[in-house]
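All remarks here apply to the structure that follows.
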Amino acid sequence: MSISFWALDFLPCAYACESQMSRRGLNVAQAQLGQEQTMKKKTLQVKTQLEIGRPVHQVFEAIVDPRKMSHYFISSGRGCIQTEKAVHWEFDTGGGLDVRVERIKPDQLVSFFWSASGIEARVAMKLAPIGKRGTLVKISESEWPLNEKGIARCMEQTQGWMHFVCCVQA
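Residue numbers (the working numbering): 403 to 572.
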């Protein structure tokens with residue numbers, strides 16, 4: 403069984419799928435009517451953001467320094483995140499991931515490719531100062547096919563990234 407969400411142009415958080423369908427009165431049968439070709443072109447993307455009560459440089463360092471990341475996200479890491487470099491992260495839950503860093507702009511952007519969801523996806527973390535002591539962190543990860551597996555992966559990653567930004571804030 404496939405699920406087609408042709409009426410949704412985006413999936414900003416794990417709850418958007420359910421709430422948008424409920425609000426619009428859509429059900430799976432309605433969503434599937436004549437939309438299979440359009441659906442094949444669409445993909446899913448995680449988008450989450452949180453204001454953190456820490457200066458932007460402190461947040462940036464918490465993201466790129468594996469020693470700092472080991473306090474909230476990874477158990478250990480080999481290599482600091484640098485543009486066009488590869489790093490390896492180990493997790494408490496077992497196993498590790500290779501991360502291919504795409505681009506770093508100090509205190510502004512961290513982007514990389516990884517396969518945490520089972521397929522290679524691009525992650526972009528954008529940082530923006532809020533006053534002198536705050537930071538807006540916006541994280542996006544893409545892309546997954548618009549099907550059951552893609553929706554499940556997208557929702558899992560959304561929950562994971564929200565956990566990530568909450569831990570950075572703590």
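Where a beta carbon is used, it is the ideal one built from N, C-alpha and C, also for glycine.
It should be emphasised that the depicted structure is a prediction, and the values quoted were computed from it without experimental measurement.
Inter-residue CB distance, residue i and residue j (contact presumed, cutoff 8 angstroms)
i, j, result
"L511", "A526", "7 angstroms"
"W491", "I521", "Contact flag wrong, Cβ pair sits at about 17 angstroms."
"Q559", "S513", "Going by Cβ atoms, the distance from Q559 to S513 rounds to 15 angstroms, so no, they are not a contact pair."
"T485", "V503", "6 angstroms"
"P457", "R535", "6 angstroms"
"W563", "V448", "6 angstroms"
Residue i, buried or exposed, once every other Cβ within 10 Å from all chains shown has been counted against 16
i, result
"R555", "buried"
"S517", "exposed"
"A572", "exposed"
"A488", "exposed"
"I553", "buried"
"I506", "buried"
"I476", "buried"
"C569", "exposed"
"I483", "buried"
Proximity to residue i [Cα-Cα], best of the options
i, options, result
"P508", "R535, F515 and F462", "F462"
"P362", "F493, G562, Q571 and G533", "Given a span of 403 to 572 for the chain in the structure shown, any question on residue 362 remains unanswerable."
"H373", "R505, K528, S478 and I476", "Residue 373 is absent from the structure shown; the chain starts at 403 and stops at 572."
"G498", "V570, G479 and F566", "G479"
"F566", "S472, K444 and I532", "S472"
"T495", "I483, Y474, T445 and N549", "Y474"
"F624", "G533, I532 and S544", "A query on residue 624 cannot be resolved here, the shown segment of the chain reaching from 403 to 572 and no further."
Legend entry - Three-pair Cβ contact test at 8 angstroms for the segment 442 to 452 versus the segment 538 to 551: yes
Legend entry - Whole alpha helix (DSSP H) elements within the segment 446 to 491, 4-residue minimum: 458 to 466 and 468 to 471
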